[in-house]
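Student:
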Amino acid sequence: MTYSKYTSYEDLANIIRQNIWKIPANTDLIVGCPRSGLICALMISEIINKLVIDLDGFINGQQPWIGGSRTHLAEKELKYKNILVLEDTAFTSNSIIKAKQRILEMPNANELNILNCAIFAEGADAKNKVDIYFIENYNPNC
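Quick look at the structure:
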């Protein structure tokens, strides 16, 4: 059984658009947690015009995904300080906490400001375990 808090990509996009103001303006890079977090990360990156990368790629020192209109960025060594780690849903928040811990083990971790974000915070403790969440206890069937 697959579990999804939204009923369509359109619903997800609307939720993201309505709550995009919660993302700090100084965000340099969005790191999406596989799998569903990547979908959300890509949507947010398009709206706020920020670069995006998957968690493993970031940890392994790869450059973020750059589209054809940003080829000038591929020639530069890009530096990131303010990192947004994104997951779609936080229940126990274990996956996003583990993702942040993996980033904190990187050699340059002391140079990074890391915020973790979930689109949906589910359960009493979930909203207290992430820095940013968009919706608490969302029920798409209401």
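Residue numbers for the sequence shown follow this note's numbering, beginning at 28 and rising by one.
The C-beta atom is built at its ideal place from N, Cα and C for all residues, glycine as well.
1) DSSP three-state label for I50, please.
2) Within the chosen definition, does the segment 117-135 reach the segment 45-52 through at least 3 CB pairs nearer than 8 angstroms?
3) From G59, T116, L142, pick the residue whose C-alpha is nearest to that of A52; which is it?
4) Measuring straight from C-alpha to C-alpha, what distance separates E37 and F85?
5) Note the first and the last residue of the continuous alpha helix (DSSP H) segment covering D82.
6) Given a cut-off of 8 angstroms on the beta-carbon distance, is the pair D83 and G59 in contact?
7) Exposed or buried, A151, counting other C-beta atoms within 10 Å across all chains shown (16 or more means buried)?
8) On a Cα-Cα basis, can you pick out the residue from E73, N121, M133 that is closest to V157?
9) Once the 5 residues before and after Y160 are set aside, which same chain residues still bring their CB inside 6 angstroms of it?
10) Report all residues from its chain with a CB closer than 7 angstroms to the CB of E114; omit the five preceding and five following residues, and keep chain order.
11) List the DSSP bridge partners of T34.
12) So, for M133: in the same chain, excluding its five sequence neighbours on each side, which residues have a beta-carbon less than 7 angstroms away from its beta-carbon?
13) Between V79 and chain D, is the shortest Cβ-Cβ distance under 8 angstroms, so that the two count as touching?
14) In the DSSP assignment, find the alpha helix (DSSP H) that holds G64 and state where it starts and stops.
Tutor: According to the structure data:
1) Here residue 50 refers to the residue found at position 23 when the sequence shown is read from its first residue. Coil, per DSSP.
2) no
3) As a working mapping, residue 52 is identified with position 25 in the sequence shown. Closest by alpha carbon: L142.
4) Walking along the sequence shown from the start, residue 37 turns up at place 10. Walking along the sequence shown from the start, residue 85 turns up at place 58. If I take the Cα positions, the gap works out to 28 angstroms.
5) The sequence position of residue 82 within the sequence shown is 55, counting from 1. According to the sequence as given, residue 82 is Leu; it is not Asp. First-last of the alpha helix (DSSP H) with L82: 82-86.
6) To locate residue 83, count along the sequence shown from 1; it is residue 56. To locate residue 59, count along the sequence shown from 1; it is residue 32. Contact flag unset, no.
7) The residue labelled residue 151 in the question sits at position 124 within the sequence shown. With fewer than 16 Cβ atoms within 10 Å of its Cβ, A151 is classed as exposed.
8) Residue mapping note: residue 157 aligns to position 130 of the sequence shown, counting from 1. For V157, the nearest C-alpha among the options comes from N121.
9) As a position in the sequence shown, residue 160 is number 133, starting the count at 1. Cβ within range, chain order: A145, A148, K154.
10) Start at 1 with the first residue of the sequence shown, and residue 114 comes out as number 87. Correct list, in chain order: C60, G64, S122, I123, A145.
11) Taking the first residue of the sequence shown as 1, we reach residue 34 at position 7. Note: T34 sits in no beta bridge, so no partner.
12) Counting from one through the sequence shown, the residue named residue 133 turns up at place 106. Excluding positions up to five away in sequence, the list reads I86.
13) Looking for chain D here will not work: only one protein chain is present.
14) For the purposes of this step, residue 64 is identified with residue 37 of the sequence shown, where counting begins at 1. Note, G64: alpha helix (DSSP H), 63-75.
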